[in-house]
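Please read the structure below before turning to the comments.
Numbering (the numbering used here), first residue to last: 9 to 337.
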């Protein structure tokens, strides 16, 4: 189970440039080769769509996701309920869960949360790196604010709907504030360990505990400079992050959220490429862990480090159990 892959954005850009089936050509074979059974598909708002354009862009990408699911119905299925999830997995298909990466499409209208829910979105983060009407992202280093009043109301509305709150990209003060306000489990879909790599996108040990104590999970991010601050990051260093998180919060609260962006940066426009990372883009990936097919090697590494049963929980069991419990029946 992978909790973060921006492949919808990559597919949208390829479609806009004339490709007829970028998912089938570029992504499905790798997902199958890597043994992916469950894939979270976030919808990200590019810089040029900030403002009212964010909602339109999100609707376009949501429609693309439906087109992909229809075209490849033998291989994938969008899941909105626990029943959907179990059926898709029984069929041997890949379960796709729709999410928002940042609340730009919501703007100042919390009614849009219910609209997103009706359109199949089951998880959302309040921010990307930038500020939204709901909170500050980690890129707002001069303020790093808590949730806004609207953000507090948004969390309550998401919990009413059953939409999972994702804290990856949220500022440190925002995460602490969210933990005070939340009454249901929240997750970090693609964040690694600050103790091993001191980067603002990673979580401190105390923040790992906040997520786990709330009943959520932390999915480790495989972006190179989130894994190692210098040198050439390796897949073994990525597994070190997994092991550290397991040591801090237990294996039941740790998962995988790889955030493969090499192909994304190759395919999207330079505006997004410049904005994507709060780090020099000299090394943005791990050579042996940069695409879904590489999950096959990661699975072997996890088994070698943790044994088959614990590795299975980290690689997918924790995430599947969480969403079986949290999605509507």
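Positions of the beta carbon are idealized from the N, C-alpha and C atoms, including for glycine. Every value quoted in this text rests on a predicted model; they were computed, and no experiment measured them.
Residue 192 is not a Cβ neighbour of residue 308, given a cutoff of 9 Å.
With a cut-off of 8 Å on Cβ pairs, the segment 25 to 34 is not in contact with the segment 61 to 68, counting fewer than three such pairs. Distances from the alpha-carbon of residue 49 to those of 106, 200 and 324 put 106 closest.
Per the coordinates, the alpha-carbon of residue 254 lies some 20 Å from the alpha-carbon of residue 208.
Apart from sequence neighbours up to five positions away, the residues of its chain that approach residue 165 with a beta-carbon distance below 6 Å are 118 and 121, ordered along the chain.
Approximately 4 Å separates the beta-carbon atoms of residue 301 and residue 41; this is inside 8 Å, confirming the contact. When only Cα atoms are considered, residue 244 and residue 135 end up about 30 Å apart. Remark: C-beta atoms of residue 155 and residue 189 approach each other more closely than 9 Å.
Under DSSP, the beta-bridge partners assigned to residue 228 are 264. Taking a cut-off of 8 Å for Cβ pairs, the segment 144 to 158 and the segment 169 to 184 touch, as three or more such pairs fall below it. Relative to the Cα of residue 203, the nearest Cα in the group 87, 252 and 238 belongs to 252. For residue 307, the enclosing alpha helix (DSSP H) starts and ends at 303 to 314. Relative to residue 162, the option among 38, 228 and 142 whose CA is nearest is 142.
Assignment of residue 163 by DSSP, reduced to helix, strand and coil, places it in the helix class. According to DSSP, residue pairing for residue 109 in a beta bridge involves 52.
As computed with DSSP, residue 133 is found in a beta bridge with 174. In this structure, residue 34 sits away from residue 266, with a CB-CB distance that is not shorter than 9 Å. Contact annotation: residue 213 and residue 109 have beta-carbon atoms that are not nearer than 9 Å. The beta carbons of residue 263 and residue 327 sit about 5 Å from each other, so the pair counts as a contact at 8 Å. At a Cβ-Cβ threshold of 9 Å, residue 69 and residue 83 do not count as neighbours. For residue 86, the enclosing beta strand (DSSP E) stretches over residues 84 to 86.
Residue state for residue 243 is assigned as helix, using DSSP reduced to three classes. Exclusion of the five residues before and after residue 200 leaves 210, 228, 229, 234, 235 and 249 as the residues of its chain whose Cβ lies within less than 7 Å of its Cβ.
Beta-bridge pairing by DSSP links residue 195 to 174. Taking the Cβ atoms as the reference, residue 310 lies roughly 16 Å from residue 257, outside the contact range of under 8 Å. Rounded to whole angstroms, residue 237 and residue 220 show a C-alpha spacing of 25 Å. Around the Cβ of residue 78, a 10 Å sphere holds fewer than 16 other Cβ atoms; the residue is exposed. Residue 99 and residue 37 have their C-alpha atoms spaced approximately 17 Å apart. By DSSP's assignment, residue 46 forms a beta bridge with 103.
Separation of residue 170 and residue 43 (C-alpha to C-alpha, rounded to the nearest whole angstrom) is 28 Å. Collapsing the DSSP output to three states places residue 205 in coil.
Contact annotation: residue 239 and residue 293 have beta-carbon atoms that are not nearer than 9 Å.
Counted as a single uninterrupted DSSP element, the stretch harbouring residue 269 is not any alpha helix (DSSP H), since DSSP gives it neither H nor E.
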